[in-house]
Amino acid sequence: MSQVIAVVSGKGGTGKTSFTTLTGMALAQLGKKTLLLDCDIGLRNLDLYLGVSDRALMDFTDVIAGRTTLAQAVVRHPLYPNLYL
1 MSQVIAVVSG KGGTGKTSFT TLTGMALAQL GKKTLLLDCD IGLRNLDLYL GVSDRALMDF
61 TDVIAGRTTL AQAVVRHPLY PNLYL
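Residue numbers for the sequence shown follow my numbering, beginning at 1 and rising by one.
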């Protein structure tokens with residue numbers, strides 16, 4: 001069964017990215033297929049936290065604008081096979 005966990009706050013610097021990164025890594029280590037979606041338009045950081053910024057060339061806004069598909073934008077983490085960004 002799929003589940004969605006949303007991590008939100010109207011204020012910057014509250015730890016949303018750190019919490020999301022660590023929770024995603026933990027779920028992936030437990031064998032759960034995990035997709036992390038950074039919706040911080042213009043200020044995304046999940047790719048930096050996960051060390052895949054060189055591979056994460058497209059983001060949420062590119063998918064919404066129709067410049068790419070979700071399948072093309074998703075990047076699999078090299079060390080956590082169940083973790084996707």
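Glycine residues also receive a C-beta, built at the ideal position from the N, C-alpha and C atoms.
What you are looking at is a predicted structure, and each value in this text was computed from that prediction instead of being measured.
Residue from the options with nearest C-alpha to residue i
i	options	result
D38	Q3, A65, N82 and T61	T61
L46	M1, V74 and Q29	V74
G12	G66, D40 and Q72	D40
L43	Q72, D59 and A28	D59
S2	L35, T21, Q72 and L22	L35
Assigned secondary structure, residue i (DSSP; H/G/I helix, E/B strand, else coil)
i	result
Y90	What is shown of the chain runs 1 to 85, which leaves residue 90 out entirely.
T34	strand
L48	helix
K16	helix
V63	helix
Q29	helix
Cα-Cα separation between residue i and residue j, rounded to whole angstroms
i	j	result
V7	L50	17 angstroms
L27	L48	19 angstroms
L30	I64	30 angstroms
Other residues of its chain near residue i: CB distance less than 7 angstroms, five sequence neighbours each side excluded
i	result
K32	N82
Spatial neighbours of residue i in its chain, beta-carbon cut-off 8 angstroms, leaving aside the 5 residues before and after
i	result
S9	K16
**Asked** How about the segment 75-85 and the segment 47-65: do they share at least three Cβ pairs that are nearer than 8 angstroms?
**Response** With a cut-off of 8 angstroms, the segment 47-65 and the segment 75-85 count as touching, because enough Cβ pairs lie within range.
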